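Just below is one structure, and these are the notes that go with it.
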Amino acid sequence: MRKEKLFLNVTGLLIIAFHLIPIYLSVVASFKAKSDLSIKWALPRDIHWDNYLMALQDGAFYAVLMNTLLVTFCTVALTLAVGSLTGYVLARLQNRITNTAALIFIGVMMVPSVTLIVPLYKTMLQLGAINTYWGIIVLSTAFHLPLCIFLYTNFIKTIPKELDEAAQIDGCRSFSIFYKMILPLLGPVTASMAIITSIATYNEYLFPLYFLQKSEMRMITTYITTFFSENSYPNAASAVAMLGALPPMILFIVFQKHFVSGALSGLTKS
Numbered sequence: 015m016r017k018e019k020l021f022l023n024v025t026g027l028l029i030i031a032f033h034l035i036p037i038y039l040s041v042v043a044s045f046k047a048k049s050d051l052s053i054k055w056a057l058p059r060d061i062h063w064d065n066y067l068m069a070l071q072d073g074a075f076y077a078v079l080m081n082t083l084l085v086t087f088c089t090v091a092l093t094l095a096v097g098s099l100t101g102y103v104l105a106r107l108q109n110r111i112t113n114t115a116a117l118i119f120i121g122v123m124m125v126p127s128v129t130l131i132v133p134l135y136k137t138m139l140q141l142g143a144i145n146t147y148w149g150i151i152v153l154s155t156a157f158h159l160p161l162c163i164f165l166y167t168n169f170i171k172t173i174p175k176e177l178d179e180a181a182q183i184d185g186c187r188s189f190s191i192f193y194k195m196i197l198p199l200l201g202p203v204t205a206s207m208a209i210i211t212s213i214a215t216y217n218e219y220l221f222p223l224y225f226l227q228k229s230e231m232r233m234i235t236t237y238i239t240t241f242f243s244e245n246s247y248p249n250a251a252s253a254v255a256m257l258g259a260l261p262p263m264i265l266f267i268v269f270q271k272h273f274v275s276g277a278l279s280g281l282t283k284s
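What the sequence shown shows, in our numbering, is residues 15 to 284, in sequence order.
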């Protein structure tokens, strides 16, 4: 038992260290001067805030950040609204159609978005959705919905149907039952899905790259890559990357308890 526990602990620490290495290199590089560029692993001789000042003085950074937050907020709101309603319907109407739909949603989760870029681009072009915020919001929502519906469906199945029946006797309609009785009970899953969707949308790279091609409509991920390619000073680019990573990191740190409890409740309660 002790050897197994030691092996698991060591393996876990190695995995954590492996994932922390890129973060460490980026953080250290963001505080280094040009003279320290050749020293990749070592800490900077002196902490230089000029890299962050250079990033913050770029007016495009704030515009890009607002674009990203707008798309993220709208995507999260639309995903939660549609996902919770669909999950309620699938959980309460148990028949062949709903069961087949649930299986389809599970299958869609296994399809990588990169394999659909070409047909998606043609469709978005025909709809006039290229270089529009509503286009990328709808597209991002469509890719986040399967997991959202899956978690909501499993969670709602654990809520007794007697609550719905009692409300129907009192004259409540289906939407009123969902809004007044079911929705308040979905707090853990809602918090978890809000975090998952917001972080995934904020960090999305392919969709903004292909579908938001105007420079004034860029999101944070495409802005960072552009900054790296256009700036000859990589330490300033590392500072931009660190500033761009702050919002999702803060969000996860603040709501990590809700994320864990919501994800577990949605996955295990079925």
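All C-beta atoms, glycine included, are put in the ideal place defined by N, C-alpha and C.
All values reported here derive from a predicted model rather than from experimental measurement.
Along the chain, where does the alpha helix (DSSP H) that runs through Lys-17 open and close? 16-44
Proximity to Lys-271 [Cα-Cα], best of Leu-20, Gly-201, Met-233 and Leu-197: Distance from the Cα of Lys-271 is smallest, within the candidate group Leu-20, Gly-201, Met-233 and Leu-197, for Gly-201.
Using a threshold of 9 Å, state whether the C-beta atoms of Thr-211 and Leu-223 are closer than that. no
Buried versus exposed call for Glu-179 [16 or more other C-beta atoms within 10 Å across all chains shown]: With fewer than 16 other Cβ atoms within 10 Å, it is exposed.
Which same chain residues, not among the five before or five after Ile-173, have their C-beta less than 7 Å away from its C-beta? Shown here for Ile-173: same chain residues with a beta carbon closer than 7 Å to its own, the five before and five after excluded, namely Ile-196 and Leu-199 in chain order.
Taking the continuous alpha helix (DSSP H) assigned at Ile-151, which residues delimit it? That run of the alpha helix (DSSP H) goes 147-170.
Determine the direct distance from the alpha carbon of Asp-60 to that of Arg-232, and round the result to whole angstroms. C-alpha separation (whole angstroms): 33 Å.
Below 8 Å on the Cβ atoms is my contact criterion, and I expect Thr-86 with His-158 to pass it. Report the Cβ-Cβ distance as a whole number of Å. Incorrect: roughly 11 Å between the Cβ atoms, too far for contact.
With a threshold of 16 other CB atoms inside 10 Å of the CB of Leu-153, please say whether the residue is buried or exposed. buried
CA nearest to the CA of Ile-170, picked from Phe-32, Ile-111, Phe-192 and Met-207: Closest option to Ile-170, Cα to Cα, is Phe-192.
State the Cα-Cα distance for the pair Ser-284 and Ala-47, rounded to the nearest angstrom. Note on Ser-284: pLDDT 47, under 50, position unreliable in the model; the coordinate value appears next. Near 54 Å, if we compare the C-alpha coordinates of Ala-47 and Ser-284.
The stretch 248-257 in contact with the stretch 127-135 per 3-pair CB rule at 8 Å: no
Would you report the Cα separation of Glu-244 and Ile-238, rounded to the nearest angstrom? 10 Å
Taking the alpha carbon of Asn-168 as the reference point, which residue from Val-41, Leu-99, Tyr-38 and Arg-187 has its own alpha carbon closest? Leu-99
Could you tell me the alpha carbon to alpha carbon distance between Ile-150 and Ile-144, rounded to whole angstroms? The alpha-carbon of Ile-150 is positioned some 8 Å away from that of Ile-144.
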